[in-house]
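What follows is a short report on a single structure.
Protein chains: 2
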Amino acid sequence: MTVRVAVDALGGDRAPAEIVAGALAAAGEGLEPVLVGPPELDAGGLRLIEADQAIAMDEPPVEAVRAKPGSSLVRAVRAVAEGEADAAVSAGSTGAMLAASLLHLRRLPGVLRPGIAVVIPARRGPSVLIDAGANADARPEHLLQFAHMGAVFAEEILGVAEPEVGLLSIGEEDEKGNQLALGAGTLLRASGLRFRGNVESRGLLEGEVDVVVTDGFTGNVALKALEGTIRTLLDSLRAELRSSLRGRLGGLLIRPAAQRVRERLDPETYGGAYLLGLRGLVVIAHGSSSRVAIANAVRLAARGVEHQVVTRLEERLARSVLASPTTSPTAER
Amino acid sequence: MTVRVAVDALGGDRAPAEIVAGALAAAGEGLEPVLVGPPELDAGGLRLIEADQAIAMDEPPVEAVRAKPGSSLVRAVRAVAEGEADAAVSAGSTGAMLAASLLHLRRLPGVLRPGIAVVIPARRGPSVLIDAGANADARPEHLLQFAHMGAVFAEEILGVAEPEVGLLSIGEEDEKGNQLALGAGTLLRASGLRFRGNVESRGLLEGEVDVVVTDGFTGNVALKALEGTIRTLLDSLRAELRSSLRGRLGGLLIRPAAQRVRERLDPETYGGAYLLGLRGLVVIAHGSSSRVAIANAVRLAARGVEHQVVTRLEERLARSVLASPTTSPTAER
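First to last, the sequence lines map onto chains W and A.
Per this note's numbering, the very first residue in the first sequence carries number 1; after that it's consecutive.
Per this note's numbering, the very first residue in the second sequence carries number 334; after that it's consecutive.
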């Protein structure tokens, strides 16, 4: 079986050159990237789905998606909805990808809100943070669903049996947190998941649990704090080393090690984030993605197809969430 | 004038030895630390206010403060309320300090909620994050008040004229954020403060603005993400360097520079956080504070007294917040 991944050739700061190069790099046995872009695009031999318009990063997402059904971003998502591709990847606007996915792929039965799942390449091994930004405002029952989605992701994509789930909060004791976290904690303790309780952002990069559950606002703040701190700390170290001969010599010697640490720990280098809870597979890549990041995002999408993440999610949510008396899954459909 | 700072000798993981040593180190011209602890404590020549009981880190704050009015933590706060000291410092439970302060010092007129102000030793110079954890749930008008408090703090303690204020959110555009951030943004744009708009946690350690405003849940998550990332990144770098001869040599050469960067950027090394919005000055030190951290916290408290932070806050809040039609300052008094 060959997995076909639709790649938005016009999304991201470095489109189309780096996107096309990344898609080409990912192409291989069992994986066929399909580019979505203008007819004149040099697709390097890959199949091309024609789409002329682009959606800019700063366009209001819902309006842009409705106004530009023929844009490369929307067309890539529609390719999944219409069976032309098995998954879609874009480095374009996250909001537009979310809007296009809700409109054209729709939610899985019982799913209240899709969530963005990001892999944190933590020191003790990869873990997943969900929601990393799809829902700025959330309710406890959304976090419960994110926990189930994150657990399926950890099992299928990270290969963890019986993943441990933690709730991001501001203290490890059950009674620490805001109203949202307290409510989610109550649901999670009764969920049947392997719930470890509250975890603090202090341990995010260390990797105390396999799945870290939070709302999209907090998750986005935590993730960007992590990315920014890595960048600022390494930049500061570099500047400090340049100020002395001893430092310059030391800097030269540690360069490969520092590079390895940065590449291993920075979530940005992971390529992309899954949008979970939909009737199709969507991966959102960083806006600044290079060809390497795009190739990784395409492979990440293909892995999700091979592991049937969507089907597994549907089964899991039907079993555990629809059965739960604490949620009212029909309320927002 | 001599500033008297009451220091809780029984608060923190390393009490009383490191606390007493820190207080002694801070003592000097114009600064008199006053220890609060058991009668048998060797105060090294400092004045001692007797207090036998201690409040443990994991005791429920409000209950502990009510049940132990004679504890060292409560007694230190009461020393300020009763005029025996000009400020109080404790490395004990943050929640208990907050509860004791609300009970014995009370809020400044018009203040809805006190906020914790932490100095972020950012690369472009120090900035202040408020609220770093006093209020897990907050409303837009609380964030407006935190912005005013943070501005006074930046002026008086950081020495910034007309500080720039940013609202922590998940995108720089005004329409990005959760309901709380959107509401706070509206109030801040009309506040008369030098409001820069939304800022992302990515730039927190870089230092894009002088005052970063947020609720206590988000602020605490961001701050701990920053602290944890610094620790994990440097630990990982150290482990990576140890694995080769080249790395070990490089590691030896960069050690002083790495140490300087860590000390400069890690918020933990700053000594303490202010609890603002009260009729007295309170500084909360890290639970793990060493003598150096305690000495810094005592000096930080003295600086607040010298700069009349409480009076300046009262004037500012009376002028700008009580006058604002968007808040109802009497509602929670």
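Here a beta-carbon is modelled for each residue, glycine too, at the ideal position from N, C-alpha and C.
Can you find a C-beta in chain W that's less than 8 Å from the C-beta of Asn531 (chain A)? Here residue 531 (chain A) corresponds to residue number 198 of the second sequence, with the count starting at 1. So, not an interface residue.
Counting contacts by CB-CB distance shorter than 8 Å, is Gly201 (chain W) in contact with chain A? One-based indexing of the first sequence puts residue 201 (chain W) at position 201. The sequence shown places Ser at residue 201 (chain W), not Gly. Ser201 (chain W) counts as touching chain A.
Taking 8 Å as the threshold (C-beta atoms), are Gln145 (chain W) and Leu317 (chain W) in contact? For this step, residue 317 (chain W) is matched to residue 317 along the first sequence. For this step, residue 145 (chain W) is matched to residue 145 along the first sequence. Cβ distance < 8 Å, so Leu317 (chain W) and Gln145 (chain W) count as in contact.
My understanding is that Pro163 (chain W) touches Ala154 (chain W), with C-beta atoms under 8 Å, so please give their C-beta distance in whole angstroms. For this step, residue 163 (chain W) is matched to residue 163 along the first sequence. For this step, residue 154 (chain W) is matched to residue 154 along the first sequence. Contact holds; Cβ gap of about 4 Å.
Measure from the C-beta of Ala136 (chain W) to each C-beta in chain A and report whether the shortest distance is under 8 Å. Residue 136 (chain W) sits at position 136 when you count from the first residue of the first sequence. Yes, Ala136 (chain W) counts as interfacial toward chain A.
Which same chain residues, not among the five before or five after Glu59 (chain W), have their C-beta less than 8 Å away from its C-beta? Reading the first sequence from its first residue, position 59 is the one you call residue 59 (chain W). Excluding residues within five positions, the ones whose Cβ falls inside 8 Å are Ser93, Ala96.
Within 8 Å (strictly less), CB to CB, does Ala257 (chain W) reach chain A? Start at 1 with the first residue of the first sequence, and residue 257 (chain W) comes out as number 257. With 8 Å as the cut-off, Ala257 (chain W) counts as an interface residue toward chain A.
Under 9 Å by beta carbon: chain A residues contacting Gly247 (chain W): Working through the first sequence from its first residue, we reach residue 247 (chain W) at position 247. Result: Leu586, Ile587, Pro589, Ala590.
Opposite Gly28 (chain W) in the DSSP bridges: which residues? Taking the first sequence and counting its residues from 1, the one referred to as residue 28 (chain W) is at position 28. W:Leu31.
Apart from the five residues just before and just after Thr41 (chain W), which ones in its own chain have a Cβ nearer than 8 Å to its Cβ? Taking the first residue of the first sequence as position 1, residue 41 (chain W) is located at position 41. Going by the sequence as given, residue 41 (chain W) is Leu instead of Thr. Ala9, Pro16, Val20, Leu35, Leu48, listed in sequence order.
Can you tell me whether Met334 (chain A) is buried or exposed? The criterion is at least 16 other CB atoms within 10 Å of its CB, across all chains shown. Locating residue 334 (chain A) in the second sequence gives position 1, where the first residue counts as 1. Met334 (chain A) is exposed by the Cβ-count criterion.
My output table needs one value for Asn553 (chain A): the three-state DSSP class, helix, strand or coil. Locating residue 553 (chain A) in the second sequence gives position 220, where the first residue counts as 1. Here Asn553 (chain A) sits in helix by DSSP.
Give me the residue from W:Ala297, W:Lys176, W:Val118, W:Val309 with the minimum Cα distance to Lys224 (chain W). Position 224 of the first sequence holds residue 224 (chain W). Of W:Ala297, W:Lys176, W:Val118, W:Val309, the residue nearest in Cα terms is W:Val118.
Assuming Leu108 (chain W) and Leu252 (chain W) form a contact by the criterion Cβ under 8 Å, report the distance between their Cβ atoms to the nearest whole angstrom. If you number the first sequence from 1, residue 108 (chain W) lands on position 108. If you number the first sequence from 1, residue 252 (chain W) lands on position 252. Not really, about 52 Å apart at Cβ, beyond 8 Å.
Tell me whether Glu200 (chain W) is buried or exposed, calling it buried when 16 or more other Cβ atoms sit within 10 Å of its Cβ. Taking the first residue of the first sequence as position 1, residue 200 (chain W) is located at position 200. The residue is buried, with at least 16 neighbouring Cβ atoms inside 10 Å.
Only counting the same chain, and skipping five residues up and downstream in sequence, which positions put a Cβ closer than 6 Å to that of Ser320 (chain W)? As a working mapping, residue 320 (chain W) is identified with position 320 in the first sequence. So the qualifying residues of the chain are His148.
Determine which residues of the segment 541–553 of chain A have a Cβ less than 7 Å from any Cβ of chain W, and write them out in chain order. Phe550, Thr551, Asn553
Chain W contact for Val452 (chain A) (CB, 8 Å cutoff): Stepping through the second sequence from its first residue, residue 452 (chain A) is reached at position 119. No - not a single Cβ of chain W is within 8 Å of the one on Val452 (chain A).
Any idea what DSSP makes of Asn135 (chain W), helix, strand or coil? Taking the first sequence and counting its residues from 1, the one referred to as residue 135 (chain W) is at position 135. DSSP places Asn135 (chain W) in coil when its eight states are reduced to three.
Select from the segment 262–290 of chain W all residues with a C-beta closer than 8 Å to any C-beta belonging to chain A, and list them in chain order. Arg264, Leu265
Counted within 10 angstroms of its Cβ, other Cβ atoms place Leu357 (chain A) as buried (16 or more) or exposed: The sequence position of residue 357 (chain A) within the second sequence is 24, counting from 1. Flag for Leu357 (chain A) reads buried.
From the DSSP output, in three-state form, read off Pro531 (chain A) for me. Counting from one through the second sequence, the residue named residue 531 (chain A) turns up at place 198. One detail in the question is off: residue 531 (chain A) reads as Asn in this sequence, not Pro. Of the three classes helix, strand and coil, the one that applies to Asn531 (chain A) here is strand, per DSSP.
Taking beta-carbon pairs under 9 Å, can you tell me which members of the segment 477–506 of chain A lie near chain W? Leu501, Ser502, Ile503, Gly504, Glu506
Can you name the residues of chain W whose CB is closer than 7 Å to the CB of Gly443 (chain A)? Locating residue 443 (chain A) in the second sequence gives position 110, counting from the first residue. Near Gly443 (chain A) there are no residues of chain W at all, since even the closest Cβ is about 24 Å away, more than 7 Å.
Output needed for Ala339 (chain A): all residues of its chain with C-beta closer than 6 Å, excluding positions within five of it in sequence on either side, in chain order. Working through the second sequence from its first residue, we reach residue 339 (chain A) at position 6. Closer than 6 Å at the Cβ level, and outside the excluded window around Ala339 (chain A), lie Val367, Val369, Ala409, Ala412, Ala418, Ala421.
Just to confirm before moving on: does the CB-CB distance between Arg529 (chain A) and Gly499 (chain A) stay below 8 Å? On the second sequence, position 196 is the one that residue 529 (chain A) refers to. On the second sequence, position 166 is the one that residue 499 (chain A) refers to. Yes.
Could you please give the first and the last residue of the uninterrupted beta strand (DSSP E) stretch that includes Ser71 (chain W)? In the first sequence, counting from the first residue as 1, residue 71 (chain W) sits at position 71. Ser71 (chain W) -> no beta strand (DSSP E), and no H or E assigned at all.
Contact defined as beta carbons within less than 8 Å: I believe Val211 (chain W) pairs with Ile130 (chain W). What is the distance between those atoms, to the nearest angstrom? Here the question's residue 211 (chain W) lines up with position 211 in the first sequence. Here the question's residue 130 (chain W) lines up with position 130 in the first sequence. Val211 (chain W) to Ile130 (chain W), Cβ: 7 Å. Contact.
Pull the bridge partners of Gly510 (chain A) from the DSSP assignment, please. The residue you call residue 510 (chain A) lines up with position 177 of the second sequence. In DSSP, Gly510 (chain A) forms no bridge with anything.
Give me the DSSP bridge partner(s) of Val461 (chain A). Working through the second sequence from its first residue, we reach residue 461 (chain A) at position 128. A:Val452, A:Val544, per the DSSP bridge assignment.
Scan the segment 302–317 of chain W for residues whose Cβ lies nearer than 7 Å to a Cβ of chain A and list them as they occur along the chain. none
Counting only beta-carbon separations shorter than 8 Å, does Lys557 (chain A) have a partner in chain W? As a first step, residue 557 (chain A) is located in the second sequence; it is residue number 224 there, counting from the start. So, interface residue.
For Pro402 (chain A) and Leu520 (chain A), I'd like the C-alpha separation in whole angstroms. On the second sequence, position 69 is the one that residue 402 (chain A) refers to. On the second sequence, position 187 is the one that residue 520 (chain A) refers to. If I take the Cα positions, the gap works out to 39 Å.
Got a sec: is the Cβ-Cβ distance from Val20 (chain W) to anything in chain A below 8 Å? What you label residue 20 (chain W) is simply residue 20 of the first sequence in a count that begins at 1. No, Val20 (chain W) does not count as interfacial toward chain A.
Based on Cα-Cα distance, which residue from W:Arg113, W:Val3, W:Gly11 lies nearest to Ser290 (chain W)? Translated into positions along the first sequence, residue 290 (chain W) becomes position 290. Cα-wise, what sits closest to Ser290 (chain W) is W:Gly11.
C-beta neighbour in chain A for Arg373 (chain W), strict 8 Å: Since the first residue shown for chain W is 1 and the last is 333, residue 373 (chain W) is missing from the structure and cannot be characterised.
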